[in-house]
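Asks: For reference, the structure I am asking about is given below.
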Amino acid sequence: AVTEKAGLLTDVQAAQTLLNAQEDAAAALEAAQQAVEGLFADYSTKAALAANVDQDAINAAKAKAEALDDAVTEKAGLLTDVQAAQTLLNAQEELGTLTSDPTAVTESRSYWGNIILSLDGDTFKSFDRNNVVFGGDFAGLNLGGYNTLGGNTQVRLESITGNLVRDTGVGTITIKGAGLNGGSDLTVSITVNSAP
């Protein structure tokens, strides 16, 4: 009877080990799924990355997915999703960014001023005022002139005049891809605050 007891205890320990392994595998799968889902703004579409997703976040999610046992049926799909996130990040890095100074304006309906636009990760072919498009609450503005600064990465839009669409909102300035060496339109948003 004592030998049977020892055998039963060994069997119980083996069962506990299997249960622990299953629980660990389930926890690893859940962690991998959460990491991969967290890469996307909307996981159902996978059309855009979530805010602040960088290469480190993608690498961490990939490591969690790769660590799953090959028998886990979800592993291949998670790795495919990680690759989709990598493709989105690569596309983002290929596009330059457009920034403005100022980043906000305080006006009441009419606007007159200068705005400096700076490129990072792209350059102007040669600046052409026809490639500047005002949108959003800046849709009623017109460009008086411009002066390139700092070579082919910065321009001061001068004597911008016109009426704002709203006293409070967001205006946009787009540089068409035709005027950029990267070839893609770049847009900067500028907050519009109502004058006191």
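Using this note's numbering, read the sequence shown as starting at 25 and increasing by one per residue.
Backbone N, C-alpha and C define an ideal beta-carbon position, used for all residues, glycine too.
This one's a predicted model, so the numbers in the text were calculated from it and none came from an experiment.
Using the three-state DSSP reduction, which class does Glu-98 fall into: helix, strand or coil?
Replies: Three-state result, Glu-98: coil.
Asks: Bridge partners of Gly-195, per DSSP?
Replies: Answer by DSSP bridge pairing, in chain order: Gly-160, Ile-214.
Asks: Just the C-alpha distance for Val-179 and Leu-143, rounded to the nearest angstrom, thanks.
Replies: Distance between the alpha carbons of Val-179 and Leu-143: 9 Å.
Asks: Using a threshold of 9 Å, state whether the C-beta atoms of Gly-145 and Leu-119 are closer than that.
Replies: Yes. Within cutoff.
Asks: State yes or no: is the C-beta of Ile-139 within less than 9 Å of the C-beta of Ile-199?
Replies: In this structure, Ile-199 does not lie closer than 9 Å to Ile-139 by Cβ.
Asks: Do three or more CB pairs link the region 107–114 to the region 56–74 at distances below 8 Å?
Replies: Output reads yes: the region 56–74 touches the region 107–114.
Asks: Does the region 120–135 come into contact with the region 97–108, if we say contact requires no fewer than three beta-carbon pairs (one atom in each stretch) closer than 8 Å?
Replies: No, the region 120–135 does not touch the region 97–108.
Asks: Report the three-state DSSP secondary structure of Val-179 (helix, strand or coil).
Replies: Val-179 falls in the strand class under three-state DSSP.
Asks: Buried or exposed, going by whether 16 or more other CB atoms sit within 10 Å of the CB of Gln-57?
Replies: By the 10 Å Cβ count, Gln-57 comes out buried.
Asks: Report, in whole angstroms, the separation of the C-beta atoms of Thr-196 and Val-212, which I expect to be a contact under 8 Å.
Replies: Correct: roughly 7 Å between the Cβ atoms.
Asks: Excluding five sequence neighbours on each side, which residues of the same chain lie with their C-beta closer than 7 Å to the C-beta of Leu-167?
Replies: Within the same chain, Leu-167 has close Cβ partners Arg-153, Val-156, Leu-181, Ile-184.
Asks: Alpha carbon to alpha carbon, what distance is there between Leu-43 and Leu-8?
Replies: This structure does not reach residue 8, given that the chain is present from 25 up to 220, and the question cannot be answered.
Asks: Only counting the same chain, and skipping five residues up and downstream in sequence, which positions put a Cβ closer than 6 Å to that of Lys-88?
Replies: If we look at Lys-88 and ignore the five residues flanking it on each side, its Cβ neighbours are Ala-55, Ala-56, Ala-59.
Asks: Please name the residue in Ala-74, Ala-72, Asp-161, Glu-28 whose C-alpha comes closest to that of Val-194.
Replies: Ranking the options by Cα distance to Val-194, first place goes to Asp-161.
Asks: Using DSSP's beta-bridge definition, name the partner residues of Gly-186.
Replies: Partner(s): Tyr-135, Leu-165.
Asks: In chain order, what residues of the same chain have a beta carbon less than 8 Å from the beta carbon of Val-96, not counting five sequence neighbours either side?
Replies: Excluding residues within five positions, the ones whose Cβ falls inside 8 Å are Ala-49, Leu-53.
Asks: Do you know whose CA, among Pro-220, Ser-150, Gly-175, Tyr-135, lies nearest Leu-204's CA?
Replies: Comparing Cα-Cα distances from Leu-204 to each of Pro-220, Ser-150, Gly-175, Tyr-135, the minimum goes to Ser-150.
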